[in-house]
Structures are given as structure tokens and as C-alpha cells.
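Participant: Numbering follows our numbering, with no gaps: position 121 of the sequence shown is 143.
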Amino acid sequence: AGAGTTGRRAELARWLTRPGNPLTARVIVNRLWHYHFGAGFVDSPNDLGFNGGQPYHPELFEWLCGDFVRSGGEIKRFHRQIVSSAAYRQASALREDAMKLDAGNRQLWRMSPRRLEAEAVRDAMLLVSGELNETLGGPSYQDFNSYFFKGTQFYEPLDEDTAHVHRRTVYRMTE
Numbered sequence: 023a024g025a026g027t028t029g030r031r032a033e034l035a036r037w038l039t040r041p042g043n044p045l046t047a048r049v050i051v052n053r054l055w056h057y058h059f060g061a062g063f064v065d066s067p068n069d070l071g072f073n074g075g076q077p078y079h080p081e082l083f084e085w086l087c088g089d090f091v092r093s094g095g096e097i098k099r100f101h102r103q104i105v106s107s108a109a110y111r112q113a114s115a116l117r118e119d120a121m122k123l124d125a126g127n128r129q130l131w132r133m134s135p136r137r138l139e140a141e142a143v144r145d146a147m148l149l150v151s152g153e154l155n156e157t158l159g160g161p162s163y164q165d166f167n168s169y170f171f172k173g174t175q176f177y178e179p180l181d182e183d184t185a186h187v188h189r190r191t192v193y194r195m196t197e
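This is the structure we're talking about:
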């Protein structure tokens, strides 16, 4: 029936989110930076401790962490701050002189090219073709049938050309 709890998880959550704990802000800032630039300040996003290595740009990292805490941990504000920065708005063109000094682009002398997710490509193609169904909410769509044969699951694509299937990919049903 109802087993008791020691409260250890709740206490850990309180400790992690207490106002004076710098670790929470450091982890969030490092992960958000990684999301925007393809690499975090610290190479190991899951370990900012002794085994995690030293951060690149330690002064910027500390300033951003402090600013994040002072703003009350507003993630939307942090995103806006990053995408409006000169570092984020750089071109991705190669420069020989910079390549010789920093081939890994850790000094952010250019925007590193990144792959676009398949969902964004599909949605963009539907939008440009004028076929994107922008209806919000509602049932998902499925563009495949799945079945089992001798213990193995197989997928069979469906080639429907309907407004329901032309919904944003976020509504695609996956198994």
C-alpha cells in the first residue's frame, strides 16, 4: 500500500533551488549557452564539479550566471540576451587567420554551422508551398503504419496528401 517517504528528494530539491546555491544557475546557463552555440562554457554539461574541467571564458560565464540570478532566473530574458548579442549574430564564414589561432572556434570568432532539425525543414517546406496547416491543438497525425511480423516491428509509410497530414511536425505521432 502507501509506503512512507524519508523526504530526501524534497530536501534535495529545496537545496538545489535555494537562492544562495550557485550550482543551479551555472548548470542552466551552461546548458542554454550550449543550446545556442553548440558547446557550453564547460565541456561536460553534466559535470560542473572537480571532474568537469575549467570553463572557457570564465569571466563571461561568471557574469552571465550572476546576471541570471539577479534577473530572478528568467530564462526568456536570457535567451533574448544571447540572440541579440554580437557573438550570436556573427556570420559563419571561415577566416584563415582565425582558423590558425582557434580552429575549434572556442573564442566565438564565427557562428559555427549547425544542422537543422528535420521537423523545421519539413515545416518550412510546407509553409513555402502554401500547404502548412497551422491549426493549433487537436489530434495528432500519423504518416506511417506499424506492424509486427515474427517478433519484429516494421513501419510502412503512408503517402497521404491531406490538410490533416500537413500540420506542423510537432503534431506528428511517433511510436
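By construction, the Cβ of each residue, glycine as well, lies at the ideal position given by its N, Cα and C atoms. Fair warning: this is a prediction, and the values are worked out from it, not measured in the lab.
1. By the 10 Å Cβ neighbour count, where 16 or more other Cβ atoms means buried, how is Pro44 classified, buried or exposed?
2. Taking only three categories from DSSP, how would you classify Glu174?
3. Report the residue from Thr157, Arg128, Arg132 and Thr191 whose alpha carbon sits nearest the alpha carbon of Met147.
4. With 16 as the cutoff for other CB atoms within 10 Å, does Val51 come out buried or exposed?
5. Is it the case that the Cβ atoms of Arg99 and Ser107 are separated by a distance below 8 Å?
6. Thinking C-alpha only, which one of Tyr163, Ala113, Glu178 and Ser162 is nearest Gly169?
7. Short check: CB of Thr39 to CB of Thr28, under 8 Å?
Facilitator: Straight from the coordinates:
1. Exposure of Pro44 is indicated by the presence of fewer than 16 other C-beta atoms within 10 angstroms of its C-beta.
2. Residue identity differs from the one stated: residue 174 is Thr in this sequence, not Glu. Residue state, collapsed to three classes: strand.
3. Considering only alpha carbons, the answer is Thr191.
4. Answer is buried; the Cβ neighbour count reaches 16.
5. Contact: no.
6. Residue 169 is actually Tyr in this sequence, not Gly. In terms of Cα proximity to Tyr169, the closest of Tyr163, Ala113, Glu178 and Ser162 is Glu178.
7. No. Outside cutoff.
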